[in-house]
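The opening residue of the sequence shown carries number 0 in numbering that gives the first Met the number 0; numbering runs sequentially from there.
Beta carbons: idealized from backbone N, C-alpha and C, even for Gly.
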Amino acid sequence: MNKNKLSTETSPYLKEHSTNPVNWYPWGNEAFAKAVEENKPILLSIGYSTCHWCHVMAKESFEDAEIATILNRSFVSIKVDREERPDIDSVYMEACKVLTGTGGWPLTVFLTPDKKPFFAGTYFPKQTKYGTIGFIELLLIIEKQWKNNREAVLNNAEVISCNIKTEEDNSVLEQDVIKIQYQYLKKSFDPNYGGFGNSPKFPMPCDLLFLAEYGKERKEPFALRMLDTTLDAMYLGGIFDHIGGGFSRYSTDNKWLIPHFEKMLYDNAQLINIYTEAYYYTGKEKFKNIADFITKWLVSEMRGIEGGFYSAQDADSNGIEGLYYLLDVEEVENVLGKERGKIFSDVYDITKEGNFEGKNIPNLLNLKKLLSENQILSDELTAIYNYRKNRMELKIDDKYLSFWNSLAVCSFANSFRRTLSQDYINLARNIFIFIQSRMTDERKVYSSYKDGKHSVCGVLDDEASYISACIALYGATFDEYYLKEAQTRVKQVINEFWDKKNCGFFFTPESGEKLIIRRKEVYDGVTPSGNSLMYENFVRLSKLSENPTQYEAMTENLEKYLDSQQSNGSRGYYCYAKLLKQKGNIIVCALPEEMPKDRFISNQRKKLFYYDNVIIKRASTTYKLINGQPTYYVCTNGTCLPPTNMI
0 MNKNKLSTET SPYLKEHSTN PVNWYPWGNE AFAKAVEENK PILLSIGYST
50 CHWCHVMAKE SFEDAEIATI LNRSFVSIKV DREERPDIDS VYMEACKVLT
100 GTGGWPLTVF LTPDKKPFFA GTYFPKQTKY GTIGFIELLL IIEKQWKNNR
150 EAVLNNAEVI SCNIKTEEDN SVLEQDVIKI QYQYLKKSFD PNYGGFGNSP
200 KFPMPCDLLF LAEYGKERKE PFALRMLDTT LDAMYLGGIF DHIGGGFSRY
250 STDNKWLIPH FEKMLYDNAQ LINIYTEAYY YTGKEKFKNI ADFITKWLVS
300 EMRGIEGGFY SAQDADSNGI EGLYYLLDVE EVENVLGKER GKIFSDVYDI
350 TKEGNFEGKN IPNLLNLKKL LSENQILSDE LTAIYNYRKN RMELKIDDKY
400 LSFWNSLAVC SFANSFRRTL SQDYINLARN IFIFIQSRMT DERKVYSSYK
450 DGKHSVCGVL DDEASYISAC IALYGATFDE YYLKEAQTRV KQVINEFWDK
500 KNCGFFFTPE SGEKLIIRRK EVYDGVTPSG NSLMYENFVR LSKLSENPTQ
550 YEAMTENLEK YLDSQQSNGS RGYYCYAKLL KQKGNIIVCA LPEEMPKDRF
600 ISNQRKKLFY YDNVIIKRAS TTYKLINGQP TYYVCTNGTC LPPTNMI
């Protein structure tokens with residue numbers, strides 16, 4: 000079997016294309032040197048291993064001999080895993096948006112030999128159909144234009160490159176961005192099925208976390224109602240895997256019934272935190288159970304032998320989207336027997352007609368009784384799970400991403416504070432050890448790791464989320480090691496990423512690879528932007544540090560920059576962090592010298608975790624003991640109350 004230049008790569012996505020007849024190159028000097036030497040345009044194809052339409056385009060076009068002949072004759076073809084190189088994806092996704100008004104994956108971009116884009120799109124079918132130009136026709140047109148009208152192509156590339164934004168447009172807001180975000184969510188909220196907008200619907204953890212904090216701090220019951228309704232509806236629908244656990248990436252309908260079946264680490268890691276927050280605020284045990292179920296899936300199916308979590312599970316099995324997850328009545332009855340099978344089918348909406356292409360996505364949308372009713376079916380769920388797992392293979396993208404694993408550390412540490420479950424803090428510590436030992440050195444965090452190798456130096460998201468993980472672990476353990484690690488890393492991020500001229504953090508480091516532009520990202524989508532994470536890090540460090548001035552100054556500078564950026568309902572995490580800043584409580588707990596710190600924390604954990612910013616120190620001339628007992632110094636918005644033995 001012939002292999003191209005991708006055969007030595009570690010990325011599962013690149014390896015999938017290593018036996019294509021297309022002469023693929025990884026992103027690098029060899030490919031660009033070839034393009035310059037042979038004076039050929041570049042096809043840049045960006046995707047990821049669990050992307051359904053990436054699979055479709057691969058099968059239709061990149062495994063096709065006719066298309067391979069054209070590409071190998073007239074182009075230099077480069078494949079990029081967008082999860083491994085988010086910096087490259089960020090630049091050329093923006094180019095696609097400039098040209099088409101939209102983006103997505105697979106991302107298909109044509110470049111000049113000096114990396115400037117002149118045409119872009121997403122999925123192209125092999126042949127022209129449904130109003131979309133076919134890939135063969137497109138390649139032949141570009142081949143002809145490059146040969147006969149190259150000057151116009153090069154001019155077009157210059158214009159497009161000049162129009163790629165390095166950051167969002169500046170437009171100073173006249174209103175409170177927190178209120179703007181809340182009103183946006185309120186206006187787009189679906190009162191019937193939860194979530195925001197019609198379809199497709201994404202879980203949007205940043206927005207949900209914002210609603211939890213907004214509802215509690217602003218005493219706004221409708222914010223908590225939106226949160227409660229959405230979390231309930233998401234769980235009841237087919238977007239949640241009721242057999243094995245975990246959420247799919249999004250729902251294609253407004254009821255959360257029909258998912259796009261791939262499961263991503265970043266969604267599920269953050270949703271554990273959301274559900275435990277909801278449990279903490281509402282006292283509803285069902286939310287904790289859902290978080291535990293997601294965790295069980297992550298540990299059993301997504302954890303690698305080295306300790307970290309893999310990136311994703313594929314949407315496709317045997318070439319068919321969602322096939323792994325679908326059931327019919329006969330299958331259920333064959334596994335469980337007729338009587339137990341009928342009960343199971345009645346609860347999980349398994350019918351002869353089916354709810355998706357003649358098959359069934361298990362869901363609880365039509366369940367008439369209380370949610371606890373399905374608990375009697377635990378044995379049945381286990382039997383169906385084992386049957387499904389043995390029925391066919393589900394592909395996994397087994398590379399580790401530092402950003403998404405750091406999000407998991409934050410989630411587990413915060414969930415420990417909300418539930419006091421020892422499993423959560425054990426996971427948080429162990430995943431952190433994995434990240435630190437495999438994906439960092441003294442100077443930087445690396446984006447991805449696989450087969451004993453890490454990728455290029457990380458982007459802002461990687462660095463910022465690692466710092467967030469340190470701070471979250473400190474908040475869960477009061478171990479000063481994590482706080483010191485966060486403080487050290489913050490200095491390095493400022494040196495490498497901060498825009499000293501215009502404020503804000505660049506997406507890529509000063510010492511990293513120089514692309515055609517150096518972008519800033521402020522958009523909080525399904526994951527928080529690196530700028531939002533750094534803002535939260537400064538807020539938290541300013542409250543936990545004995546010398547808060549430097550962090551307060553950076554907080555103010557970054558806040559002015561982020562407030563100046565356009566608000567379009569995509570500021571959930573930033574607004575959540577702004578609410579944290581406004582809370583302002585700081586508690587210093589002074590302990591007697593002879594009192595074991597660990598024992599004190601263990602005994603007082605529930606009380607300590609009620610507050611966000613707690614510093615535990617030994618008594619000193621500054622923080623004196625009262626009655627020889629642990630003494631609390633409580634400060635709120637710059638005003639300190641008299642020391643007390645009780646909080």
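Simplified DSSP assignment, three categories, for residue i
i	result
Trp23	strand
Phe308	strand
Gln564	strand
Phe343	helix
Asn197	coil
Leu43	strand
Ile273	helix
Phe209	helix
Tyr522	coil
Tyr91	helix
Leu532	helix
Tyr465	helix
Ile388	Note that residue 388 corresponds to Lys in the displayed sequence, not to Ile. DSSP places Lys388 in helix when its eight states are reduced to three.
Pro527	coil
Thr507	coil
Lys285	helix
Pro202	coil
Leu363	coil
Lys186	helix
Thr131	strand
Glu329	helix
Ile516	coil
Gln180	helix
Phe239	strand
Phe537	helix
Member of the options whose CA lies at the smallest distance from the CA of residue i
i	options	result
Glu157	Lys200, Asn429, Leu98 and Lys542	Leu98
Lys178	Glu545, Glu512, Glu219 and Gly196	Glu219
Leu366	Glu332, Leu235 and Glu441	Leu235
Gly627	Glu592, Gly524, Tyr445 and Val633	Glu592
Met301	Leu380, Lys398, Arg518 and Trp255	Lys398
Glu320	Tyr534, Ser510, Leu393 and Thr643	Leu393
Gln269	Asn602, Tyr572 and Gln581	Tyr572
Gly451	Gln421, Lys351 and Gly303	Gly303
Trp52	Gln564, Asn644 and Ala314	Ala314
Val521	Pro190, Val538, Ile515 and Cys502	Cys502
Phe496	Pro204, Ile159 and Met533	Met533
Beta-carbon contacts of residue i that lie in its chain and below 6 Å, excluding the five residues immediately before and after
i	result
Ile45	Val79, Arg81, Asp88 and Leu106
Asp597	none
Lys606	none
Ile223	Reading off the sequence, residue 223 comes out as Leu, not Ile. Counting only Cβ-Cβ distances below 6 Å, and skipping sequence neighbours, we find Gly214.
Val408	Ala427, Ile430, Phe431 and Ala468
Asp252	Ser198
Tyr423	Phe411, Ser414 and Phe415
Own chain, CB closer than 7 Å to residue i, minus 5 neighbours either side, in chain order
i	result
Leu5	Leu13, Lys14, His16, Ser17, Trp23, Pro25 and Lys78
Thr131	Phe123 and Pro124
Lys542	Ile585 and Asn612
Phe355	Ile257 and Leu325
Phe599	Leu590 and Pro629
For residue i, the residue or residues it bridges with in DSSP
i	result
Tyr399	Tyr448
Cys639	Cys634
Met263	Ala311
Phe109	Leu42 and Phe118
Arg302	Phe308
Val79	Ile45
Ser250	Lys200 and Pro258
Lys358	Phe355
Sequence-distant residues of the same chain with beta carbon closer than 8 Å to residue i, five excluded per side
i	result
Ser401	Ile434, Met438, Thr439, Val444, Tyr445, Ser446, Ser447, Tyr448, Gly457, Asp461, Ser464 and Tyr465
Lys616	Val587, Cys588, Ala589, Leu590 and Tyr622
Lys295	Gly244
Asn494	Glu509
Ser316	Leu322, Tyr323, Met391, Glu392, Leu393 and Lys394
beta-carbon residue i near the ligand GDP non-hydrogen atom, thresh 6 Å
i	result
Asp240	With respect to small molecules bound, the structure shown includes none, and the ligand GDP cannot be examined in it.
### Task
Could you tell me which uninterrupted alpha helix (DSSP H) segments, each at least 4 residues in length, are contained entirely in the stretch 407 to 459, listed from first to last along the chain?
421 to 438
### Query
What are the uninterrupted segments assigned as beta strand (DSSP E) that are 3 or more residues long and contained completely in the stretch 566 to 618, given in chain order?
584 to 590 and 613 to 617
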